[in-house]
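Take a look at the structure set out below.
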Amino acid sequence: GENVEQHPSTLSVQEGDSAVIKCTYSDSASNYFPWYKQELGKGPQLIIDIRSNVGEKKDQRIAVTLNKTAKHFSLHITETQPEDSAVYFCAASTPHYKLSFGAGTTVTVRA
Amino acid sequence: DTAVSQTPKYLVTQMGNDKSIKCEQNLGHDTMYWYKQDSKKFLKIMFSYNNKELIINETVPNRFSPKSPDKAHLNLHINSLELGDSAVYFCASSLSQGTGNTIYFGEGSWLTVV
């Protein structure tokens, strides 16, 4: 099955700096890569996603990049704010519909 | 209005007991899921139903039994609870089972087995 690895497991950044989270996947058939944000005491919520026919996607301060050849994708958050503090999960989905999650990255934005 | 709602939010129970977690979605979605999140925050799918039919059944002890009376509800019943069952259980739904569909999660049910 699909195996998604996510790094780093924790990330502390100064407010205003950028944060980058990287993920790799194992199944070359994976074609959908969402990112979820989980705030304390809440369920994960989709923040951005990218499909295998696109190399990059941006939405305001967040962007995702995908390198299909290397089988890795990344989340970039620019101008971080305290409300960006949360656990972020990458995921990969194969055409068999099962979504596999990375282990999560706890992001702390220092004021 | 809450899109995916699950009850109870917190549950503390003794080993050996049987308990249920209920889930309802008002999004009109066809597919529903149960995920387990352990103490290290790792999210793992347990079950997936599409239009009341089981489509994903991961390696989960048969003490866990999902039931979907209709496509808007997916309940999770756990028999003979063990200490290792302590976790957060998330119900979720998506428009359909096809890849690329956003999965909407509930707020989670915190289960503690003592």
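Chains F and B, in that order, are what the protein sequence lines are.
According to this note's numbering, the residues represented by the first sequence are 1 to 111, in order.
According to this note's numbering, the residues represented by the second sequence are 1001 to 1114, in order.
Even glycine gets a Cβ: it sits at the ideal position worked out from N, Cα and C.
Boundaries of the beta strand (DSSP E) harbouring Phe101/F: Leu99 to Phe101, taken from the DSSP string. Checking the DSSP bridge columns, you'll see Val20/F partnered with His76/F. In this model, Asn1017/B and Ser1080/B are separated by some 5 Å (Cα to Cα).
Residue state for Asp84/F is assigned as helix, using DSSP reduced to three classes.
Pro1066/B sits buried, since 16 or more C-beta atoms from the chains shown fall within 10 Å of its C-beta.
Ala70/F has no beta-bridge partner at all, per DSSP.
For Pro1008/B, the CB contacts under 8 Å within the same chain, skipping 5 residues up- and downstream, are Ile1021 and Ser1109 in chain order. Nearest Cα to Ser1048/B within the set Gln1097/B, Gly1106/B and Glu1107/B: Gln1097/B.
Interface with chain F (9 Å Cβ-Cβ cutoff): Gly1106/B is included.
What Leu1043/B touches in chain F, judged by beta-carbon distance under 8 Å, is Pro44, Phe89, Phe101 and Gly104, going in chain order. In the three-state DSSP reduction, Leu1011/B falls in the strand class (E or B). The stretch 1100-1114 of chain B and the stretch 1057-1066 of chain B do not touch, with fewer than 3 CB-CB distances between them shorter than 8 Å. With contacts defined as CB atoms closer than 9 Å, Lys1019/B and His1073/B fail to qualify as a contacting pair.
Judged by DSSP secondary structure, Arg110/F falls within the beta strand (DSSP E) whose first and last residues are Thr105 to Arg110. At a Cβ-Cβ threshold of 9 Å, Tyr32/F and Gln45/F do not count as neighbours. By the neighbour-count definition (other C-beta atoms within 10 Å, threshold 16), Thr1059/B is an exposed residue. With fewer than 16 neighbouring CB atoms inside 10 Å of its own CB, Thr69/F falls in the exposed class. Lys58/F is outside the set of residues whose beta carbon lies under 9 Å from a beta carbon in chain B.
Collapsing the DSSP output to three states places Asp1085/B in a helix.
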